[in-house]
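Remarks on the structure that follows.
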Amino acid sequence: MAEKTVAAPDIQTPNTTESTRHHERYVAPPVDIHETRDGLVVLADLPGVAKEALAVRVDDNVLTIRGHARHAVPGDVTYREYELVNFFRQFELNDKVDQSRITADLKCGVLTLHLLKAEEVKPRQIEVRVG
Amino acid sequence: MADWNHWQTLEMLRREIDKVFNETDSRSEPFFRTAFLPGRAARRYPLINLYADKEAMYVEALAPGVDPDTINVSVVVNTLSIAGEKRRVAGDVQPEAFHRSERATGKFVRHIELPVEVDENNVQADYKHGLLTVTLPKTEKAKPKQIAVQVSEESASTL
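Going down the list, the sequences are from chains A and B. So the mapping is simple: our numbering equals the position in the first sequence, first residue as 1, plus 2. So the mapping is simple: our numbering equals the position in the second sequence, first residue as 1, plus 12.
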């Protein structure tokens, strides 16, 4: 089994952002993070979030994912099992991530972020010379 | 006590427990349930919202990251079936490479009984931003009819 797999915390607890203007409810989207040779891949489930309503930012080593989910269905609700809410989650990045080369891709409600390792921390093959 | 049905009792107990967890009380809206396939049980997933207007019923299913090729929507009389598969991660990733694994994945199927008759031949399904929307037009019989009220002069004069 995966050694590093962390049990999912209770991420469905709503949080509020403290702001003077308005009070919005957020949930943290569930994410998968795995490491590749070149860096880290972050996948986040953001159902109902369009490209225009998604903001991915890096400020002072903090990666922020913020998305606003919208329903696009006409008619009145007759039965409801879920509520689309806004998503918000932050991750702290360390120096090992090249913050200028982060790519984001949104497809079928899943955000894929590629965080590339900085050149200096990439594994390097050292050639051994026989003297 | 000879005809006591233990299995039935167990089944009832299981349903009671499910009810507590699912909060099936229709009055309380299940806010913040935005997860897809929680680990506990896969029976009632994907989660759906049901909408209706005069012309049609709309089913919106919460299904982020489902491979569009695997989505299978079918209607038999008034039962809608939604099936599909959410794959884990593209490519071959070793389990040791995972730092976090919170997104649930797997195959799912759900049957939804609709409260009205629908026109099976004109059902449309659309998958956008991780939400699957199925539009089910109502049959002519199920559409609301406007009934014109006749006002007769006699009854009006007696008032």
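Here a beta-carbon is modelled for each residue, glycine too, at the ideal position from N, C-alpha and C.
Other residues of its chain near residue i: CB distance less than 8 Å, five sequence neighbours each side excluded
i       : result
P125(A) : R39
Exposed unless 16 or more other CB atoms sit within 10 angstroms - verdict on residue i
i       : result
S86(B)  : exposed
E72(B)  : buried
H123(B) : exposed
T105(A) : exposed
P76(B)  : buried
A116(B) : buried
A160(B) : exposed
S113(B) : buried
E31(A)  : Checking the displayed sequence, the identity of residue 31(A) turns out to be Pro instead of Glu. Classification of P31(A): buried, given that the 10 Å Cβ count is 16 or more.
N96(A)  : exposed
N17(B)  : exposed
Any chain A beta carbon closer than 9 Å to residue i
i       : result
K140(B) : yes
D30(B)  : no
A54(B)  : Only weak support is given to the placement of A54(B): the predicted model assigns it a pLDDT of 48, under 50, and the question is left unresolved by the model.
F120(B) : no
P156(B) : no
P149(B) : no
V101(B) : yes
E72(B)  : yes
V78(B)  : yes
S38(B)  : Its pLDDT being 49, under 50, S38(B) is placed unreliably by the model, and nothing is read from it.
D65(B)  : yes
R27(B)  : no
A95(B)  : no
7 Å CB neighbourhood of residue i in its chain, flanking five on each side removed
i       : result
P149(B) : E67, A68, V130, D131 and N134
CB contact flag (residue i, residue j, <9 Å)
i       : j       : result
L143(B) : G77(A)  : no
D81(B)  : K98(B)  : no
V128(B) : N90(B)  : yes
A46(A)  : V33(A)  : yes
L65(A)  : F93(A)  : yes
A74(A)  : K119(B) : no
V99(A)  : G41(A)  : yes
V79(A)  : Y63(B)  : yes
Chain B within 9 Å of residue i, Cβ atoms only
i       : result
G41(A)  : no
E37(A)  : yes
L95(A)  : no
A46(A)  : yes
A52(A)  : yes
V123(A) : no
Within chain B, the residues that residue i reaches when beta carbons sit closer than 8 Å
i      : result
R2(A)  : With chain A running from 3 to 133 in the structure shown, residue 2(A) is simply not present.
P49(A) : T46, F48, L74, A75, P76, H141, G142 and L143
Beta-carbon neighbours of residue i, restricted to chain A and to distances below 8 Å
i      : result
N61(B) : H73, V75, V79, Y81, R82, E83 and Y84
Chain-ordered chain A contacts of residue i [CB-CB under 7 Å]
i       : result
V89(B)  : Per Cβ cutoff of 7 Å: no residues; V89(B) is ~19 Å from chain A at best.
V105(B) : H36
R112(B) : V8, V33, D34 and I35
Proximal chain B residues relative to residue i, where beta-carbon distance stays under 7 Å
i      : result
V64(A) : By Cβ distance, chain B contributes nothing, its closest Cβ being about 17 Å from V64(A), past 7 Å.
Residue i Cβ short of 8 Å to the ligand NAD heavy atom set
i      : result
P31(A) : Ligands in the displayed structure: none, and consequently the ligand NAD is not present.
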